[in-house]
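In our numbering, the protein residues as written are 3 to 303.
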Amino acid sequence: MRKLATGCVTLAIVMGLAAQEPVSAWGLDVHRWITQRALEGLPAGLKPFFLERSAFIVEHAVDPDLWRVVGLKSDRGDEDPNHFLDIDGLDEPRPFTNVPRDWDRYVAKYGLERANKMGRLPWRVEEVYGRLVTTFRDAAKGQGYAGDNAAYLSAVLAHYIEDAHVPFHAVLNYDGQATNQRGIHSRFESQLVLRNRATLKLARVTIQPIPDVKAFVFQRLVEGEALVQSILDADLAAAKGREFYDDVYFATFLKGARPVVERRLAEAASGVASVITAAWTEAGQPPMPTGKLTPPARIRR
Ligand SMILES: [Zn+2]
3 MRKLATGCVT LAIVMGLAAQ EPVSAWGLDV HRWITQRALE GLPAGLKPFF LERSAFIVEH
63 AVDPDLWRVV GLKSDRGDED PNHFLDIDGL DEPRPFTNVP RDWDRYVAKY GLERANKMGR
123 LPWRVEEVYG RLVTTFRDAA KGQGYAGDNA AYLSAVLAHY IEDAHVPFHA VLNYDGQATN
183 QRGIHSRFES QLVLRNRATL KLARVTIQPI PDVKAFVFQR LVEGEALVQS ILDADLAAAK
243 GREFYDDVYF ATFLKGARPV VERRLAEAAS GVASVITAAW TEAGQPPMPT GKLTPPARIR
303 R
């Protein structure tokens with residue numbers, strides 16, 4: 003589901019809904035799963051710090067989806083467009099090198115309304131990544147709360163990086179609405195994954211250098227757009243002659259979509275680990291605090 007009515011729903015109701023039905027990219031449980039894998043694949047200088055905080059980070063990796071549900075706004079407006087870039091909706095030829103990578107030039111070329119409608123994911127990643135670099139530097143200076151902030155920003159950044167790996171976050175036909183395949187968004191990124199989690203074979207997490215995080219996100223979106231047709235084809239073949247999206251449908255869908263879903267889940271986990279590592283490296287690879295809290299000082303009598 004991309005657009006959600008916000009109205010006057012309370013957070014309690016929203017949380018209930020979220021538990022029943024994942025609201026967007028990868029589904030909430032899949033976000034948690036990818037994030038946990040990413041943290042376990044971090045390099046030695048970061049891994050102890052992040053594993054100590056993994057429960058917190060994994061839980062908060064879904065927060066940006068909850069922000070869109072409750073209608074929180076960021077500096078550039080609604081939260082919703084921060085989660086995608088429909089790169090095929092800009093009337094540019096593949097591989098979309100004509101889409102400006104600079105936000106001001108992007109807005110100048112397509113107008114603010116269209117720019118926001120098509121999405122802002124690469125620039126949102128750039129923004130959160132910049133904050134994380136600053137926070138790693140603060141942690142190195144021993145500033146209070148910097149470690150907690152780094153953990154939280156890493157959770158948020160993980161979410162957006164994971165979204166960038168969902169092919170349907172890169173296209174106008176994000177839910178099969180243009181090809182009479184409604185619901186494909188959730189069938190692919192959530193139901194297919196959760197039904198087959200035990201048998202999906204994911205390549206182990208690897209760390210790649212990321213000199214330009216925005217360019218990295220654009221690259222993943224362009225790749226994602228190119229993968230969409232194969233997923234739509236697999237869905238069509240699986241649904242042929244069937245009345246319901248039942249076990250037989252999902253078994254057939256898996257046969258067609260397995261290579262794509264395994265590849266993108268693995269790339270998402272490696273992408274998250276690589277981007278967090280890149281931010282830490284840009285901050286000078288400060289030593290991160292680990293270990294149990296300092297025992298309380300003795301009170302002199
Ligand atoms: Zn999202």
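Beta carbons: idealized from backbone N, C-alpha and C, even for Gly.
Bear in mind that the values here come from a model prediction, so they are computed numbers and not experimental data.
Going by DSSP, S192 is part of no alpha helix (DSSP H) at all; its letter is neither H nor E.
Taking the CA atoms as reference points, R206 sits about 13 Å from Q38. Secondary structure at G146: coil, using DSSP grouped into helix, strand and coil.
Residue pairing of S76 in beta bridges, as defined by DSSP: G79. The criterion of a C-beta distance shorter than 9 Å is not satisfied by L204 and E245. For W35, the enclosing alpha helix (DSSP H) starts and ends at 29-42. Rounded to the nearest angstrom, the gap between the Cα atoms of Q231 and D177 is 12 Å. Per DSSP, reduced to three states, the secondary structure at G121 is strand. For R260, the enclosing alpha helix (DSSP H) starts and ends at 249-284. Of F220, Y251, S272, the smallest CA-CA separation from P124 is found for F220. Residue state for L114 is assigned as helix, using DSSP reduced to three classes. Using a cutoff of 8 Å, the CB of R70 counts as near ligand 1, since one of the ligand's heavy atoms is closer than that. By the Cβ-count criterion, E81 is buried, with 16 or more other Cβ atoms from all chains shown falling within 10 Å of its own Cβ. Rounded to the nearest whole angstrom, the C-alpha separation of D90 and F98 is 8 Å. One Cα belongs to H62, the other to L155, and the distance between them is close to 9 Å. Taken through DSSP and simplified to helix, strand or coil, L87 comes out as strand.
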